[in-house]
Each structure stands twice: as C-alpha cells, then as structure tokens.
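Enquirer: Just so you know, we're using numbering that gives the first Met the number 0 here: the sequence shown kicks off at 0 and counts up by one.
By construction, the Cβ of each residue, glycine as well, lies at the ideal position given by its N, Cα and C atoms.
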Amino acid sequence: MKRIFLIVLFVGLLFSCSDDEKEQLFVAEIIGSWDWVESTGGIDGRTETPASTGNEIVVEFWGASYKKYVNDELVEEMTYKLEEGESMIFGKKTVQIIYQNGWKQSIERCDTKLILHDECSDCFRNEYNRK
C-alpha cells in the first residue's frame, strides 16, 4: 500500500512540475554511483552478470556527467541529458537518458535499483544497485 501511495505521489509531482523541475526530479532519481547487477537481452536473449563476465561495472551520474568504470578503470566519460521521448521498447513516452554520443536509454527506478533499457532492437535491459 505504501508503494502505491509513493507512486501516486511521484506521478502527481511529475505532472504538477514545470519542465525544468521535472528534469531536476528525474536527475535526482539517477544521481550517484550504481553497481552493475546484470544485463539481459541481445538477439540471443542472454543474461550477463559480474560472475559470468568477470567484470565489476560501476556507472556514475553527477550533474550532467556520466562515467563508466570496468574493474575500477575509467572506460567511458561523457555528458548526458534527460528528455521525455517515445520509447521503442515500451511503446509510450518515457524519460530517457541521451548521452553525448547519441545513445539513448529509458529509465526505470524501483527502490535502490536503477534499470536502464537500451533504446534499440535486440538491445539490453541493464540493472544496477545503488552503491
């Protein structure tokens, strides 16, 4: 019941905010460091985890900056922005991260989990836990 109340409250806040306030609200949802849990998808529907790949991945969102670390080594750094856009994964408008290189991911948040859905055919659903 508490979860339903929080969802209704969040949706109510979302529709009562200006565009700038909406972006700040969504930015607040992803700011921080996130440990990779698993990725599922691809043309073969595989699941990859730290155990199956041997890679510990951490992604960080701070302000408009995105960083990705693999086994404590910085492998990617760029800016990003958040926009509402039509999702080919969900078939409706979602909040999406649009990276400096043009890559897009739809965002889902659930408690301490961040789920990023690649916006392309046969792509991945990437799950992270807040550090």
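1. Confirm, please, whether the CB-CB distance from Gly41 to Cys122 is below 9 Å.
2. Helix, strand or coil for Ile29? Go by DSSP, reduced to three states.
3. So, are the CB atoms of Arg129 and Trp33 less than 9 Å apart?
4. Tell me whether Ile97 sits in a helix, a strand or coil according to DSSP, three-state version.
5. If distances are taken between C-alpha atoms only, which option among Asn70, Phe89, Tyr68 and Gly62 comes closest to Arg124?
6. Out of Arg45, Met77 and Val94, which one is the CA nearest neighbour of Ile114?
Expert: If we stick to the structure as given:
1. yes
2. helix
3. yes
4. strand
5. Phe89
6. Val94
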